[in-house]
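Take a look at the structure below.
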């Protein structure tokens, strides 16, 4: 019943009932198992009831009839509050009692909550007038929240957040940290996701469903079943067919479904449902604020360029002689100039009420473009390849890539783009509405914005390392006079390199806790949303050490 969530935390109610965010953690699964075991008993009798008068509907765990009349029994997996009911549980059973009384025409005088963790059976006397007033007040508050576009603030004790299934979505401790209430946030955002992204690169493969499994069919007739509970997303490369039943299963179980062309170009994604409208409406309102857009653009470019500067500085220190190269010195100066200009623009726009946001962001784009050009001009000095090597790099080119290194860069960026789109869809943001990139291509601007934080961290660094270790062969590529792309074996190697990098752990320099790079993408998407729904200031703070 939604009133239980409302009494526990108004923010939890809003996330579940308004934004339609639900997440099953270990406690939720334990509760489901408890109810499954109880259903095997012949004594309990469950009943679903609804009332237009009360504006409620719910499913009673157990209904019993005694000499004094009907008794509502609610089973809870956890402990009681030292022999007393928790406020949210008390409100829930009072609502059930009112529903039952309306349907039977008989007054319900008692409810019982059975807390299984400490085996406490707490009796709650039901006074119709008092219960009716409390339940009606709660229903009225629920309607107010449903009519609002603003997410309620974090306003419950920390101990309630620790046991909440939606804490990885709500990020309450990160919000308290932004308010400087705590020197270090308690870890509620999971460091990793047990589910994995499955890439299907074999041409002619199929994806079907058998029960709770997704089955990968190969052209030779062999099949590989994969438990759906272990899959975070399916990425289909090229000519791969997926059945309607498999699509329905992915939609029902929040499994991402993405299509890439044979050459690695991102085609699109399947997103289930039409919910999360409030979140996207708030996003539209937020990006109408020019100060916010400029502030986010400045912070995004500062993070990207500072990481490039740190990486190049770290690399030239490990390779004596590089620091004297004019191209490298020119590039380092460009990085520093960009950082100075970005910081200046952020300060100027913060102090001035009137400014041309479009012109400011265009100026920031110009400096970011100059730094990007400088970075790729430095890259040949970092790569340990000769001019005659098939992996020689002489500059960035794309659409189509004309050499193996550019083919690798483009393919890796396509994988990263897919992850950014998936993270934004999971968070409930509209990827088509960004704050830095403009919609001049089929790519989602907000996904391109988020990508800028991770191009170096998730793909450039591992790719450069793999090239310098000579892990690529000419046979991994299809090379023609006008275009180069990865063949099936090359794509497998690139996917393995990328997915391995995503599983590596690193420590967030501000939040000061460790998590995988894969989780960092989602974390940054959620911190971005907090720039207009919670406490701003934590987005784009990640830096190379």
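In the numbering used here, the protein residues as written are -9 to 535.
Note that beta-carbon positions come from the ideal geometry of N, C-alpha and C, so glycine has one too.
Note that the structure is predicted; figures quoted are calculated from it, not measured.
* Asked: So, is the C-beta of residue 226 closer than 9 Å to a C-beta in chain C?
  -> Of the chains in the structure shown, none is chain C; there is only one protein chain.
* To do: Indicate whether the contact test is met: 3 or more Cβ pairs, each with one atom in the region 244 to 255 and one in the region 287 to 296, closer than 8 Å.
  => Verdict: no, contact absent.
* In chain order, what residues of the same chain have a beta carbon less than 6 Å from the beta carbon of residue 228, not counting five sequence neighbours either side? -> Position 238 of the chain shown, counted from the first residue, corresponds to residue 228. Closer than 6 Å at the Cβ level, and outside the excluded window around residue 228, lie 193, 252.
* Asked: Can you tell which of 512, 397, 533, 493 has its C-alpha closest to the C-alpha of residue 440?
  -> As a first step, residue 440 must be located in the chain shown, where it is residue number 450. For the residues 512, 397, 533, 493, the minimum Cα distance to residue 440 belongs to 512.
* To do: Work out the CA separation of residue 317 and residue 326 for me, nearest whole Å.
  => On the chain shown, position 336 is the one that residue 326 refers to. On the chain shown, position 327 is the one that residue 317 refers to. One C-alpha to the other measures close to 14 Å.
* Asked: Just curious, the beta strand (DSSP E) that residue 186 is in, first and last residue?
  -> One-based indexing of the chain shown puts residue 186 at position 196. Per DSSP, residue 186 belongs to the beta strand (DSSP E) from 186 to 190.
* residue 26, buried or exposed, once every other Cβ within 10 Å from all chains shown has been counted against 16 -> Within the chain shown, the letter at position 36 stands for residue 26. Bear in mind that a pLDDT of 49 at residue 26, under 50, signals an unreliable position, so the model cannot answer this.
* Cβ of residue 161 within 9 Å of Cβ of residue 520? -> What you label residue 161 is simply residue 171 of the chain shown in a count that begins at 1. What you label residue 520 is simply residue 530 of the chain shown in a count that begins at 1. Contact: yes.
* Asked: Which stretch, first to last residue, makes up the beta strand (DSSP E) that contains residue 56?
  -> To locate residue 56, count along the chain shown from 1; it is residue 66. It spans 52 to 56 - the beta strand (DSSP E) in which residue 56 sits, taken as one unbroken run.
* **Assigned secondary structure, residue 209 (DSSP; H/G/I helix, E/B strand, else coil)** => Residue 209 sits at position 219 when you count from the first residue of the chain shown. Under the three-state reduction of DSSP, residue 209 is assigned to coil, being neither helix nor strand.
* **Integer-rounded CB distance, given that residue 347 should sit under 8 Å from residue 283** => Here residue 283 refers to the residue found at position 293 of the chain shown. Here residue 347 refers to the residue found at position 357 of the chain shown. With a beta-carbon spacing of about 6 Å, residue 283 and residue 347 fall inside the 8 Å limit used to define contacts.
* What residue range is occupied by the uninterrupted beta strand (DSSP E) comprising residue 256? -> Residue 256 sits at position 266 when you count from the first residue of the chain shown. It spans 256 to 260 - the beta strand (DSSP E) in which residue 256 sits, taken as one unbroken run.
* Asked: Is any heavy atom of the ligand MN found at a distance shorter than 8 Å from the C-beta of residue 385?
  -> The ligand MN is not part of the structure shown, which contains no ligands of any sort.
* Asked: Going by the beta-carbon positions, is the gap between residue 206 and residue 223 smaller than 9 Å?
  -> Position 216 of the chain shown holds residue 206. Position 233 of the chain shown holds residue 223. Going by beta carbons, residue 206 and residue 223 fall outside the 9 Å limit.
* By DSSP, does residue 372 sit in helix, in strand, or in coil? -> Walking along the chain shown from the start, residue 372 turns up at place 382. Look at residue 372 here: in three-state DSSP terms it is helix.
* Asked: In chain order, what residues of the same chain have a beta carbon less than 6 Å from the beta carbon of residue 286, not counting five sequence neighbours either side?
  -> The sequence position of residue 286 within the chain shown is 296, counting from 1. For residue 286, where only same-chain residues beyond five positions count, the Cβ hits under 6 Å are 425.
* Opposing strand residues paired with residue 204 [DSSP bridges] -> Sequence index remark: in the chain shown, residue 204 carries index 214 (1-based). The secondary-structure analysis by DSSP pairs residue 204 across a beta bridge with 199, 216.
* Which full runs of the alpha helix (DSSP H) of 4+ residues lie inside the region 388 to 471, going along the chain? -> Listed in chain order, they are 394 to 417, 435 to 441, 451 to 458.
* To do: Could you pull out every unbroken beta strand (DSSP E) segment of at least 3 residues lying fully inside the region 75 to 152, listed in chain order?
  => Restricting attention to beta strand (DSSP E) runs no shorter than 3 residues, the region 75 to 152 encloses them at 100 to 105, 110 to 115, ordered along the chain.
* By DSSP, does residue 222 sit in helix, in strand, or in coil? -> Taking the chain shown and counting its residues from 1, the one referred to as residue 222 is at position 232. In the displayed model, residue 222 falls within a strand according to three-state DSSP.
* **Endpoints, beta strand (DSSP E) assigned at residue 476** => Within the chain shown, the letter at position 486 stands for residue 476. In the DSSP assignment, residue 476 falls within the beta strand (DSSP E) that extends over 474 to 476.
* Asked: Can you tell me the Cα-Cα spacing of residue 84 and residue 125, whole angstroms?
  -> As a working mapping, residue 84 is identified with position 94 in the chain shown. As a working mapping, residue 125 is identified with position 135 in the chain shown. Straight-line measurement puts the Cα of residue 125 at about 7 Å from the Cα of residue 84.
* Between the Cα of residue 375 and those of 331, 319, 454, spot the shortest distance and give me the residue it belongs to. => The sequence position of residue 375 within the chain shown is 385, counting from 1. The option with the nearest alpha carbon to residue 375 is 454.
* Asked: What is the DSSP secondary structure of residue 384, reduced to helix, strand or coil?
  -> As a first step, residue 384 is located in the chain shown; it is residue number 394 there, counting from the start. Residue state, collapsed to three classes: coil.
* **First and last residue of the uninterrupted alpha helix (DSSP H) at residue 159** => The residue given as residue 159 occupies position 169 in the chain shown. Counting along the chain, the alpha helix (DSSP H) containing residue 159 begins and ends at 157 to 160.
* To do: Would you mind reading off the limits of the alpha helix (DSSP H) that contains residue 267?
  => Here residue 267 corresponds to residue number 277 of the chain shown, with the count starting at 1. Start and end: 267 to 277.
* Asked: Mind checking residue 108: buried by the 16 CB within 10 Å criterion, or exposed?
  -> Here residue 108 refers to the residue found at position 118 of the chain shown. Counting the other Cβ atoms within 10 Å of the Cβ of residue 108 gives fewer than 16, which makes it exposed.
* Asked: Given that a residue counts as buried once 16 or more other Cβ atoms are within 10 Å of its Cβ, and exposed if not, what is residue 82?
  -> Stepping through the chain shown from its first residue, residue 82 is reached at position 92. The residue is buried, with at least 16 neighbouring Cβ atoms inside 10 Å.
* **For residue 465 and residue 136, the rounded distance between their alpha carbons** => Start at 1 with the first residue of the chain shown, and residue 136 comes out as number 146. Start at 1 with the first residue of the chain shown, and residue 465 comes out as number 475. Cα-Cα distance, rounded: 58 Å.
* **Proximal residues to residue 184 (C-beta, below 8 Å), its chain only, five neighbours per side dropped** => For the purposes of this step, residue 184 is taken as residue 194 along the chain shown, with counting starting at 1. Non-local C-beta neighbours of residue 184 in its own chain, meaning closer than 8 Å and more than five positions away in sequence, comprise 220, ordered along the chain.
* Asked: Nearest-angstrom Cα distance between residue 236 and residue 190?
  -> Stepping through the chain shown from its first residue, residue 236 is reached at position 246. Stepping through the chain shown from its first residue, residue 190 is reached at position 200. Those two C-alpha atoms are separated by around 14 Å.
* What did DSSP end up calling residue 356 once you bin it into helix, strand or coil? -> Working through the chain shown from its first residue, we reach residue 356 at position 366. In the structure shown, residue 356 sits in a helix (DSSP, three-state: H, G or I).
* Roughly how many angstroms separate the alpha carbons of residue 321 and residue 199, rounded to a whole number? -> Stepping through the chain shown from its first residue, residue 321 is reached at position 331. Stepping through the chain shown from its first residue, residue 199 is reached at position 209. Roughly 52 Å between the two C-alpha positions.
* Quick one: give me the first and last residue of the alpha helix (DSSP H) that residue 521 is part of. => In the chain shown, the residue the question calls residue 521 occupies position 531. For residue 521, the enclosing alpha helix (DSSP H) covers residues 507 to 523.
* Rounded separation between residue 538 and residue 9 - CA only -> Given a span of -9 to 535 for the chain in the structure shown, any question on residue 538 remains unanswerable.
* Element boundaries [beta strand (DSSP E), containing residue 64] -> Taking the first residue of the chain shown as 1, we reach residue 64 at position 74. Secondary structure note for residue 64: its beta strand (DSSP E) is the uninterrupted segment 59 to 66.
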